[in-house]
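**Student:** Before we start, here is the structure in question, set down as structure tokens.
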Amino acid sequence: MIARPLPPAGPPCGRVRRRTFLADIGFGITGLALGAMLHRDGVVRAAALDTGAAAPDPGPHFPPRAKNVIWIFLSGGVSHLETWDPKPALNRYAGKTYAETPFENPFENPLFRERSRAVVGADRTHAQIFPLQVGFRKRGECGVEISDWWPELASCADDIAFVRSMYTTDNDHAAEFQFHSGRHKLDPREPTIGSWIHYGLGSLNENLPQFVFLGKYKDTRVRENFDALYLGPEHDGIELSLDPGAPLPFGSRPDGMLAEEQRAQFEFIRDLNALSGVEYPDDEQLRARIKAYELAYRMQASVPEALDLGAESAETERLYGIDREETAIYGRRLLAARRLAERGVRFTLVYLSDYGEWDSHTQLRDLHARSCARVDRPIAGLLKDLKRRGMDQETVVVCCTEFGRTPGLEMRDTLANPTGRDHHPHAFTVWLAGAGVKKGVVHGKTDELGFHVVEHPHYVTDIHATLLHLLGLDPKRLDIPGRKRLEIDHGRPIAEILA
Amino acid sequence: MDRSIPLLARRSVGGPASLVPAIVVLGLAWAGSTATGGEAVDYEAKIKPLLRDRCFACHGALKQQAGLRLDTVALMLEGGDSGPAVEPGESEFSPLIERVSSAEPSLRMPPEGEPLDDEQIALLRSWIDGGAAAPEGEEPEPDPRDHWAFRPPTRPPVPDAGLGWARDPIDAFLAAEHERLGLDRSPEAPPHVLLRRVYLDLIGLPPSREDLLAFLDDPSDAHYERIVDRLLADPRHGERWARHWMDVWRYSDWYGRRSVPDVLNSYAMIWRWRDWIVRSLNADAGYDHIVRMMLAADELAPDDPEQLVATGYLVRNFYRWNYNSWMKDSVEHTGKAFLGLTINCAHCHDHKYDPISHEDYFAFRAFFEPIEIRHDRVPGEPDPGPYPTYDYGKSYGPITSGMVRIFDKTLDAETFLYTRGESRNVVPGRPPIPPGPPRFLAGDEFAIEPVELPPESAYPGLKAFIRLEETEACESALAEARATLDASRERFESMGPEASDVDRERATIRLRVDEMKAAAALAALESLRARIAADDARFGRGGDDPDAAARLASAAEREAAAARARLELASAELADFEARHQAEPDADAVAKAEQRLSAARSALDAAEQATSEDSADYTPLSPSYPDRSTGRRSALAGWITRRGNPLTARVAVNHLWGWHFGEPLVATPHDLGRNGARPTHPELLDWLAVELMEPSSPGVPPWSMKHLHRRIVLSAAYRMASTSSESASANRSIDPENRLLWRFRPSRMEAEVVRDSLLAVGGVLDEAIGGPEIDQSEGLTTHRRSLYFAHHGEASMPFLELFDAPDPGECYRRTTSVVPQQSLALSNNPLAIEMARSITSSLSAELGATPDDGAFMTAAFERVLCRPPSREELAAGARFLARMTNILRGASIPEPDTRAREDFVHALLNHNDFVTIR
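Residue numbers (full-length UniProt numbering), protein chains in the order written: chain A, 1 to 499; chain B, 1 to 918.
Next comes the structure, spelled out in structure tokens:
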């Protein structure tokens, strides 16, 4: 491990001297060019001082295996059984109760209580085994079994590391936020993984936001997935839109305003704020706002360029399924994510479904088939595209969901036609691919019915820890003084899938 | 090594079942004890905090599960039902270690959350093996009921501190801490800073340039005081502070599926509650009154529609799809908003920190159990119709007139305890739980008395305005019908001999239609009068025999129905005539007309037959509701607002303080319980709480909020500068976060204030007060205050959202962020540019002729930032104007000087000082 340089020596007690303030924000009467004024180190140093003398200097703690992350989230709870962890026993015992199988009743396994903590509502109980709703077969040279709803992704099987032994503890959809923060709904909230990575690593490209959210949602709770909380708003995910007219809210120069005019105006705003900084050297908000204007000015130009999918070839568009109606939206999102990764964005959270889209309490066969068809080609396209560009050497892709679905048929009284599976926090699958990740491996194991994890159980923060490890970060060294994080918040890297 | 031997030989206090898991974990435990070696473990630093975090909730002062307490070493040794928890020197024999390290989840402690990790267990083990030494004089946890916030506040003596500085007792409390810790206070803020601060604080809008210049001219205390009084009397004060309280009271316009539209959450017309808040604050209605009205105006002011809308507080929690959710939100947020108690934590089990039992939760819920929503008519507006009961799968658009309010519908509603927070888990056989406050706070005098409601409340049809409006509507319909008939008759009689037979026949039928219309209108009016008379008789307001009056009303109503049927027949005949006499024959139209004619004939037959029926049924003028209310909510409201309630006033003043000073005295304003934050200034909090309830100034009514506002903004603390001098570096090491207020806290304006200020400095703010919520999409084009735009859980106005608009679901404290999009929202916002233009042109007009750049820039600073520019700023501004004029001229932009000035003003609107309250 390489020791990190010590943080730059600051004045005592977090106090910033006037001279330092001016140096940090690059203000000088010589009138340097805007971009150069706030050079990266200056920004970083200012940021470090904002949180007090002890804040770490951004950058990896040890040599990283990956530079950035594309995090694909499928909301609502993907059935592990009909996707990455098929269980033929479900077909053998279809319609039978758990007691009628030769296996231990999974409800009596102590894990059942231990790993399910309902926020609202009771435990999810289900008596009758529901057969697999789709066929499956071995794929690739590694021979991993994948369901037939993933014809495209199946061809990438040899590049993926499947973790079939994930569990979480909330049996309702707050598990989605839990997946991003590591915290159960009933516990105090924590910053999300994207924010930690942004906080820990800083910027690779100062002209773009470093933690991006791509997706659409109506339920604003989705924002919990990219909330930095006490790490500060500068580590929040920034929402970008693929609508070329407005990639960012208020993201385009007003009609009639000249580019040079706005540039001069931004410089003037900066000068004024810098003068104000002399008056109020303690004002952290002011320092943050100066940075925000810098970033805003550059983002205004860089974001549209990064998101301009028109620059991509028709062949690439086809690769992502942008030429087909059912895959176009998600294909665009993933192609945009690749372009952002290429330009140095550290963490892109791609919300590749509607909120709760995969939540197939009924009609699982139809709904899952439809949702798979929407994302299969785009995700496979992304993996292939990264590989052919060599980006799989620096970008790691994670595909995740909040929980799996029950091996049993959901039999709620309100369901007229039971044809689905309920939420299942006890077992689900997450997969990773790309930089630093083993190719074509399956890690962890669920029982014969896909109910409980029986080998290598991993709580959601183990995925966080794995990513931090790949990026060269030691989670414990990211801690903020006075903010107690628990062991389980840190998780443990899944060593078995690291290349 | 067979490590099971010592365990089997142990002096066991547990049953045999507990042995097995203990064996399993022994390996771990051994590893642990070697890891920590023989060093003495610091009980206070390492052991007690661990036990406090993980064990005290069930084994401490709050609860003593199995008779065991772990909050002192002595109590551990004393042990519980099954003997001592700790055997000093012998961790292997200590049940504490056995239970925390058990591999058997059903036995392992703590039962919830993560098990203790190896290191923690090793620490415990090492401490026990080292003799389990107790610190001297270790005191058990105090009785939870003695928690500071659970004891009624008494007025503490004002400290003798702040000599030469303090203007108010408030200051003395702060000064005592400053002096204790050796903190140097900041000097008084410059007049322009103070003026802008107090304007934005009290009315949410910046002072005008004239206000500024006047104050700079005379920055005396007396002038400041006059300004404060003026601002407190300004109607905009209510708007500003309503927005604060709306965060806490969770104001939300209706939502659910607005695009359908389908009202699922909250309710349409709830804006009347928002306007009530504004009015109440402007009128300085007491905080106690406000709380009582929001919880129980239907019981306390049942015939006052002005107050009834206050129950919007409860309407807001409405969730059409789930009554339990309505109840749950009402319990949770009544607890948090008025009591600073997290009663919601006892939804599934006894509270972990406060003495609130699972049963207390349901007793609190029982206050709300009988409620339902109703629509009431409002003078001058159409009848919104009755509140529809939910029919599965249907959607319900918003009502657009009248008002929405709460009433007790189910007077015998019962509340049943359920477990695990799941309403399906009602405990069978357990009797219903009667309403009541948490028992540890209830006091002795809690009683619920049913409330008799005035007849107008039970049957709004009695209200004079409804009768009047209905009568007027009938009368004007009659007058109109008669006028039509007169005209029709005149036309008919003046028909000349040249008229054809067809024309003559048509005119005859038309005349009949108009005659029937006049007859129907008259019958409707007579029917209405008879129904009103019958209502009077029924409610004993006239001498008539109720039954006879009802029969008359019933007959008149049937008469009116028959008259309507005659009108319809005449109209059908006219339609039939027209269909037969069209220029181009249309068989379809004729067939339809015949159908209508035949239907009208049979309807008339039926209606005429009905006139001879014997009945006393008539249509009431409104729906009817119970004539009593349970009194549960007024009892709750009375209990919350009585002097002896230890929490209410503290919660209120804590919020008030936070909104004036940027941070509340208790950092968790929704939780003053044992898990909440400690107050930074407990005596000050109590002094303010008592001052709210029992004002020390003569003539001030109890619970006056304006009185506290005034005291606070006139205090020396409020007038401090937010800057700190170089010499204050000692302060920064003593209190870097300024928790003890040695300087004023600068803050970013709330989202609404940013938008409103933009409009205000631009001179275009529309100061109209109240009314229905405005669509969010009009945020940049409609110049009303932000308060009046739709605010709900489904979406928010992008501009406000960017500046951290409150979450309508829960916002007991605002948060502030600084993100690049905020910068874009001010720099690329057409509204900001429009404001820059209007400011530039109005300043030019104000300054006369052609002001030079210096005069213009100075005035612009004063107008936008409420301060004069510094020399450096003027120099930078001059360079900017010169540069910009060049750029613009180079691009052949017309009037480059004016445009450069607009750009200058636009830059000031983007200045950090514009969005900052210093």
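Note that beta-carbon positions come from the ideal geometry of N, C-alpha and C, so glycine has one too.
(1) If you reduce the DSSP assignment to three classes, tell me which class A:Ala47 lands in.
(2) Alpha helix (DSSP H) containing B:Pro290: first to last residue?
(3) Identify each residue in the stretch 825 to 841 of chain B for which the Cβ-Cβ distance to at least one residue of chain A is less than 9 Å, and report them in chain order.
(4) Using a Cβ-Cβ distance cut-off of 7 Å, determine whether B:Asp42 contacts chain A.
(5) Can you give the beta carbon distance from B:Ser722 to B:Ala166, rounded, assuming they're within the 8 Å contact cut?
(6) If the cut is a Cβ gap below 8 Å, which residues of chain A does B:Ser724 touch?
(7) Going by the beta-carbon positions, is the gap between B:Asp766 and B:Arg784 smaller than 7 Å?
(8) Using CA coordinates, which residue listed in B:Ser325, B:Ile290, B:Pro305, B:Phe856 is at the minimum distance from B:Asn265?
(9) How about A:Gln393: is its C-beta nearer than 7 Å to some C-beta of chain B?
(10) With DSSP as the reference, identify every bridge partner of A:Arg137, one or two as the case may be.
(11) How many angstroms separate the CA atom of residue 500 of chain A from the CA atom of A:Ser75?
(12) To the nearest angstrom, report how far apart B:Arg755 and B:Gly762 are at their CA atoms.
(13) Extract the residue ranges of the alpha helix (DSSP H) inside the stretch 388 to 456 of chain B, only unbroken runs of 4 or more that lie entirely within it.
(14) Can you find the residues in the same chain that come closer than 7 Å, C-beta to C-beta, to B:Val905, ignoring five residues on each side of it along the sequence?
(15) Within 8 Å, do at least three Cβ pairs link the stretch 295 to 313 of chain B to the stretch 402 to 419 of chain B?
(16) Report the neighbours of A:Met299 on chain B: residues whose CB is nearer than 7 Å to its CB, in chain order.
(17) For a contact defined as C-beta to C-beta under 8 Å, what are the partners of B:His906 on chain A?
(18) In whole angstroms, what is the alpha-carbon distance linking B:Ala442 and B:Leu183?
(19) Using the Cβ count rule (16 or more neighbours within 10 Å means buried), how would you classify B:Arg491?
(20) For A:Ile269, which residues in chain B fall below 8 Å Cβ to Cβ?
(21) Which of helix, strand or coil does DSSP assign to A:Tyr351?
(22) With 7 Å set as the bound, which would you pick, yes or no: does the beta-carbon of B:Glu823 sit closer than that to a beta-carbon of chain A?
(23) Would you give the residue range spanned by the beta strand (DSSP E) that A:Val454 belongs to?
(24) Please classify B:Gln64: does DSSP put it in a helix, a strand, or coil?
(25) Measure the alpha-carbon distance for A:Asp479 versus A:Trp196 and round it to whole angstroms.
(26) Could you name the residues that DSSP lists as bridge partners for A:Gly434?
(27) If we count the other Cβ atoms within 10 Å of its Cβ and call it buried at 16 or more, is B:Val915 buried or exposed?
(28) Do you know how far the Cα of B:Glu794 is from the Cα of B:Arg257?
(29) Have a look at B:Pro894 and B:Glu873 and give me their C-alpha separation to the nearest angstrom.
(30) With 8 Å as the C-beta to C-beta threshold (strictly closer), list the residues of the stretch 861 to 874 of chain B near chain C in chain order.
(31) Kindly give me the distance between the Cβ atoms of A:Leu208 and A:Gly344, rounded to whole angstroms, as I take these residues to be in contact under 8 Å.
(32) Compute the distance between the beta-carbons of B:Gln821 and A:Leu248, then report whether it is under 7 Å.
(33) Going by the beta-carbon positions, is the gap between B:Leu636 and B:Phe367 smaller than 7 Å?
(34) Grouping DSSP H, G and I as helix and E and B as strand, with all else coil, what is B:Arg628?
(35) So A:Trp71 and A:Thr348 are in contact, right, with Cβ under 8 Å, and what is the actual spacing, rounded?
(36) Run the CB neighbour count on residue 919 of chain B, radius 10 Å, all protein chains shown included, and call it buried at 16 or more, exposed below.
**Tutor:** So, from the listed chains and residues:
(1) Because A:Ala47 carries a pLDDT of 34, less than 50, the predicted location of this residue cannot be relied on, and no value is offered for it.
(2) Correcting the residue identity first, residue 290 of chain B is Ile in this sequence and not Pro. Annotation for B:Ile290: the continuous alpha helix (DSSP H) segment containing it runs 287 to 300.
(3) Ala825, Leu826, Ser827, Asn828, Asn829, Pro830, Ala832, Ile833
(4) no
(5) Rounded to the nearest angstrom, the Cβ distance from B:Ser722 to B:Ala166 is 19 Å, too far for a contact under 8 Å.
(6) Asp282
(7) Annotated as proximal: B:Asp766 and B:Arg784, with beta-carbon spacing under 7 Å.
(8) B:Ser325
(9) no
(10) A:Ile146
(11) Here chain A has residues from 1 to 499 only, and residue 500 of chain A is not among them.
(12) 11 Å
(13) Within the stretch 388 to 456 of chain B, the complete alpha helix (DSSP H) runs of at least 4 residues are 439 to 442.
(14) In the same chain as B:Val905, and ignoring 5 residues on each side of it, the C-beta atoms closer than 7 Å to its own belong to Ala836, Ile839, Thr840, Ala860, Val864, in chain order.
(15) yes
(16) Those within 7 Å of A:Met299 in chain B are Pro820.
(17) Gln265
(18) So the two alpha carbons sit approximately 42 Å from each other.
(19) exposed
(20) Those within 8 Å of A:Ile269 in chain B are Ser827, Ala907, Asn910, His911.
(21) Correct three-state label for A:Tyr351: strand.
(22) The displayed chain sequence assigns Ser, not Glu, to residue 823 of chain B. So, interface residue.
(23) 453 to 455
(24) strand
(25) 9 Å
(26) A:Val396
(27) Taking all protein chains in view, the Cβ of B:Val915 is crowded by 16 or more other Cβ atoms within 10 Å, so the residue is classified as buried.
(28) 8 Å
(29) Taking the straight line joining both Cα atoms gives about 27 Å.
(30) The chain labelled as chain C is not found among the protein chains of the depicted structure, namely A and B.
(31) That belief holds up - the Cβ atoms of A:Leu208 and A:Gly344 are roughly 7 Å apart, short of 8 Å.
(32) yes
(33) It is a contact, given that the beta carbons lie within the stated cut-off.
(34) strand
(35) 7 Å
(36) There is simply no residue 919 of chain B to check, as chain B begins at 1 and stops at 918 in what is shown.
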